[in-house]
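Below is one structure; the comments refer to it alone.
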Amino acid sequence: MFRTVVPVFIALVIAIGGGAWSLRYALEHGLGMETLTVGPWQANPDIGTPDASPYARAVVARRGELPLGRAEGLTFHALNDSSGAALERNCSYSIAGELPPARFWTLHAADPAMRPLPAVGLRPAALQSTAMLHDGGDSVLVTASPHPTPANWLALSGTGRMILVLALYDTPIASSTEISRIVLPRISRLGCE
Amino acid sequence: MTRLLYAILVGLVGAGVVHAVILLILPHYSERDAWTRLAAHAGYYHFTRMSGEDTPPIVRGGDPLFDAVACRFDLSKGIVHVKASGHVPFWSVSVYNRHGQNIYSLNDRAQVLGDLDLVLVTPAQMIELKKSVPKEFEKSVFMEADVGRGIVAIRSFVPDQTWTKAIADYLNNASCALR
Numbered sequence: 753m754f755r756t757v758v759p760v761f762i763a764l765v766i767a768i769g770g771g772a773w774s775l776r777y778a779l780e781h782g783l784g785m786e787t788l789t790v791g792p793w794q795a796n797p798d799i800g801t802p803d804a805s806p807y808a809r810a811v812v813a814r815r816g817e818l819p820l821g822r823a824e825g826l827t828f829h830a831l832n833d834s835s836g837a838a839l840e841r842n843c844s845y846s847i848a849g850e851l852p853p854a855r856f857w858t859l860h861a862a863d864p865a866m867r868p869l870p871a872v873g874l875r876p877a878a879l880q881s882t883a884m885l886h887d888g889g890d891s892v893l894v895t896a897s898p899h900p901t902p903a904n905w906l907a908l909s910g911t912g913r914m915i916l917v918l919a920l921y922d923t924p925i926a927s928s929t930e931i932s933r934i935v936l937p938r939i940s941r942l943g944c945e
Numbered sequence: 801m802t803r804l805l806y807a808i809l810v811g812l813v814g815a816g817v818v819h820a821v822i823l824l825i826l827p828h829y830s831e832r833d834a835w836t837r838l839a840a841h842a843g844y845y846h847f848t849r850m851s852g853e854d855t856p857p858i859v860r861g862g863d864p865l866f867d868a869v870a871c872r873f874d875l876s877k878g879i880v881h882v883k884a885s886g887h888v889p890f891w892s893v894s895v896y897n898r899h900g901q902n903i904y905s906l907n908d909r910a911q912v913l914g915d916l917d918l919v920l921v922t923p924a925q926m927i928e929l930k931k932s933v934p935k936e937f938e939k940s941v942f943m944e945a946d947v948g949r950g951i952v953a954i955r956s957f958v959p960d961q962t963w964t965k966a967i968a969d970y971l972n973n974a975s976c977a978l979r
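Line by line, the protein sequences give chains A and B. Note that the numbering used here numbers the first sequence so that position 167 is 919, with each residue one more than the last. Note that the numbering used here numbers the second sequence so that position 68 is 868, with each residue one more than the last.
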């Protein structure tokens, strides 16, 4: 009796526990999804589309999101800077470089639950391309920092991890085959408090 | 000892089965998905805000520089007419199925006549409609979707705070009607 029950119990625990844990791990780490990686930036062009993998479908259902359609735009997320270190809300970063063609783009910082960081005073918690100061060329330079900086300042607040979200709207890259040749800005840490 | 190894092996195979089964049924039973969240706030054929100024967002992952509304529909009850008029810097529309999969999207460049005017139909309803297009649909973009229940979302760009009220009014006047 005992010799039968114990192995069955062990098998059940491994099956249910292991199955649930491995699925949770896969969904939280974006496994099983088509991911486009450009330096520190990542996007899932197929998320939310009918071609999405079962993992991408499950992620959408779990997060309660309605992802942007191809004619709307494409969203990139960065969890790390260009050297691979995690992004922190109490550090300063420069986000510099060229962006792919798009009608306009927005940049904001969010907490790990993807909630945008709160506005700092009257400073909006996001920047957008039509209100950018340019130095004459095609490239942009944004400074994300808890302290005011000249030119394009993305105001940060609080402590802990953050995610930078760059959304390109009405962009040909969302639907074209040139998706592998995208260039996105570098994120470099300037210092921390 | 053999029994134990056998139990672990069976357990691992079982874990794979459990993993796959939960993965496939999760979108059908999720109580956190966009549909369920919207259903808690508004009925069918009614545009509701996806995120508010002070309230926690109903549909997560939205852009803070956007104002957006979503409406649930059921094509098995009849065709859906989505309209919004006014001048805004940018608008885009997405149609999702019951599980939040994007099946169609367009933006303001696609609708040359200006105002957003979209008719959602099933292929069968489209055949009926082609026989005689009603006058109110003369300028509409037709979108065939074989989805039954679904969600249509309108997003509009708010470049700065001076636009907040204009964009909110634009989206408040958007209609999502059963025809």
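Glycine included, C-beta positions come from ideal geometry on N, C-alpha and C.
Is any heavy atom of the ligand GTP found at a distance shorter than 7 Å from the C-beta of B/N897?
-> Ligands in the displayed structure: none, and consequently the ligand GTP is not present.
Any idea what DSSP makes of A/L818, helix, strand or coil?
-> By one-based count along the first sequence, residue 818 of chain A stands at place 66. Coil at A/L818, not helix or strand.
Return the chain-ordered list of same chain residues with a C-beta closer than 6 Å to the C-beta of A/G910, the five sequence neighbours on each side being excluded.
-> In the first sequence, the residue the question calls residue 910 of chain A occupies position 158. Excluding sequence neighbours, A/G910 sits near R841.
C-beta neighbour in chain A for B/G950, strict 8 Å | Indexing the second sequence from 1 puts residue 950 of chain B at position 150. So no, B/G950 is outside the interface.
Quick one: using the 10 Å Cβ neighbour count with 16 as the cut-off for buried, is B/P934 buried or exposed?
-> Translated into positions along the second sequence, residue 934 of chain B becomes position 134. Exposed.
So, is the C-beta of B/R849 closer than 8 Å to a C-beta in chain A?
-> Position 49 of the second sequence holds residue 849 of chain B. It does not; no Cβ of chain A falls within 8 Å.
Cβ-Cβ distance between B/G861 and A/M866 below 8 Å = One-based indexing of the second sequence puts residue 861 of chain B at position 61. One-based indexing of the first sequence puts residue 866 of chain A at position 114. Cβ distance < 8 Å, so B/G861 and A/M866 count as in contact.
Under 7 Å between beta-carbons, which chain B residues line up against A/T801? List them in chain order, please.
-> As a position in the first sequence, residue 801 of chain A is number 49, starting the count at 1. Ordered by position in chain B, the residues that pass the 7 Å Cβ test against A/T801 are Q901, N902.
Just curious, the beta strand (DSSP E) that A/F712 is in, first and last residue?
-> Only positions 753 to 945 of chain A appear in the structure, and residue 712 of chain A is not among them; the question remains open.
Indicate the three-state DSSP secondary structure (helix, strand or coil) for B/M943 in the structure shown.
-> Against the second sequence, residue 943 of chain B aligns to sequence position 143. Here B/M943 sits in strand by DSSP.
N- and C-terminal bounds of the alpha helix (DSSP H) containing B/G843 = Locating residue 843 of chain B in the second sequence gives position 43, where the first residue counts as 1. Per DSSP, B/G843 belongs to no alpha helix (DSSP H) and is neither H nor E.
Short CB-CB distance (under 8 Å) between B/G811 and chain A | Here residue 811 of chain B refers to the residue found at position 11 of the second sequence. So, interface residue.
Three-state secondary structure (DSSP) of A/I844 = Here residue 844 of chain A refers to the residue found at position 92 when the first sequence is read from its first residue. One point to set straight first is that residue 844 of chain A is Ser, not Ile, in the sequence displayed. Here A/S844 sits in strand by DSSP.
Could you name the residues of chain A that B/I822 contacts, counting a contact when the two beta carbons are closer than 8 Å?
-> Looking up residue 822 of chain B in the second sequence gives position 22. Under the 8 Å cutoff, chain A gives G771, A772, L775.
Please list the partners that B/I808 has in chain A, where partner means a Cβ-to-Cβ separation under 8 Å.
-> Taking the first residue of the second sequence as 1, we reach residue 808 of chain B at position 8. Those are I762, A763, I766, listed as they occur along chain A.
Do B/L906 and A/A823 have their CB atoms nearer than 8 Å?
-> The sequence position of residue 906 of chain B within the second sequence is 106, counting from 1. The sequence position of residue 823 of chain A within the first sequence is 71, counting from 1. Result yes, Cβ atoms of B/L906 and A/A823 sit closer than 8 Å.
Neighbouring residues, chain E, relative to B/G814 (Cβ below 9 Å) = The chain labelled as chain E is not found among the protein chains of the depicted structure, namely A and B.
Run through DSSP, which three-state label would B/V921 get?
-> On the second sequence, position 121 is the one that residue 921 of chain B refers to. If DSSP states are grouped into helix, strand and coil, B/V921 belongs with the strands.
Closer than 8 Å to chain A by CB, B/Y896 = Taking the first residue of the second sequence as 1, we reach residue 896 of chain B at position 96. Yes, because at least one Cβ of chain A sits closer than 8 Å to the Cβ of B/Y896.
Within 10 angstroms of its Cβ, does B/H881 collect 16 or more other Cβ (buried), or is it exposed?
-> As a working note, residue 881 of chain B is residue 81 in the second sequence. Answer is buried; the Cβ neighbour count reaches 16.
Hey, B/A953 and B/A870: beta-carbon distance below 8 Å or not?
-> For the purposes of this step, residue 953 of chain B is identified with residue 153 of the second sequence, where counting begins at 1. For the purposes of this step, residue 870 of chain B is identified with residue 70 of the second sequence, where counting begins at 1. Yes.
Apart from the five residues on each side of it in sequence, which residues of its chain come closer than 6 Å, Cβ to Cβ, to A/P868?
-> Counting from 1 along the first sequence, the entry for residue 868 of chain A is found at position 116. So the qualifying residues of the chain are H860, A862, A877.
With which residues is B/V882 paired in a DSSP beta bridge?
-> Within the second sequence, the letter at position 82 stands for residue 882 of chain B. In the DSSP output, where bridge partners are listed per residue, B/V882 has B/L918, B/C976.
Would A/P806 count as contacting chain B if we go by Cβ distances under 8 Å?
-> In the first sequence, the residue the question calls residue 806 of chain A occupies position 54. Judged by the 8 Å Cβ criterion, A/P806 is in contact with chain B.
Taking all protein chains shown into account, decide if B/V879 is buried (16 or more other Cβ within 10 angstroms of its Cβ) or exposed.
-> Taking the first residue of the second sequence as position 1, residue 879 of chain B is located at position 79. Reading off the sequence shown, one finds Ile at residue 879 of chain B, where the question assumed Val. By the 10 Å Cβ count, B/I879 comes out buried.
Under a three-way DSSP split, which group does A/R875 fall into?
-> As a working note, residue 875 of chain A is residue 123 in the first sequence. Note: A/R875 maps to strand in three-state DSSP.
Mark A/W793 as exposed unless 16 or more other C-beta atoms lie within 10 angstroms of its C-beta, in which case mark it buried.
-> Position 41 of the first sequence, counted from the start, is the residue given in the question as residue 793 of chain A. So A/W793 counts as buried.
Rounded to a whole number of angstroms, what is the C-alpha to C-alpha distance between B/Q961 and B/F890?
-> Locating residue 961 of chain B in the second sequence gives position 161, counting from the first residue. Locating residue 890 of chain B in the second sequence gives position 90, counting from the first residue. Going from the Cα of B/Q961 to the Cα of B/F890 covers about 15 Å.
Using 8 Å as the Cβ pair cut-off and three pairs as the minimum, do the region 825-839 of chain B and the region 783-798 of chain A touch?
-> no
Starting from B/A953, find everything on chain A with Cβ-Cβ shorter than 8 Å and list it in chain order.
-> Residue 953 of chain B sits at position 153 when you count from the first residue of the second sequence. Those are L818, listed as they occur along chain A.
Of all Cβ atoms in chain B, is any one closer than 8 Å to the Cβ of A/D833?
-> Walking along the first sequence from the start, residue 833 of chain A turns up at place 81. Taking Cβ atoms only, chain B never reaches closer than 8 Å to A/D833, which makes this a no.
What's the call for A/D967, buried or exposed, on a 16-neighbour Cβ count within 10 Å?
-> Because chain A here runs from 753 to 945, residue 967 of chain A falls outside it and cannot be looked at.
Report yes if the CB atom of B/R968 is closer than 8 Å to the CB atom of B/D863, and no otherwise.
-> On the second sequence, position 168 is the one that residue 968 of chain B refers to. On the second sequence, position 63 is the one that residue 863 of chain B refers to. It is worth fixing the name first, because residue 968 of chain B is Ala in this sequence and not Arg. No, Cβ-Cβ distance for B/A968 and B/D863 is not below 8 Å.
Residues bridged to B/N897 [DSSP beta-bridge criterion] | Taking the first residue of the second sequence as 1, we reach residue 897 of chain B at position 97. Note: B/N897 sits in a beta bridge opposite B/G950.
Could you run through the region 859-879 of chain B and flag, in chain order, every residue whose CB is less than 9 Å away from some CB of chain A?
-> V859, R860, G861, G862, D863, P864, L865, F866, A868, A870
8 Å Cβ cutoff, B/P959 in contact with chain A | The residue you call residue 959 of chain B lines up with position 159 of the second sequence. It does; some Cβ of chain A falls within 8 Å.
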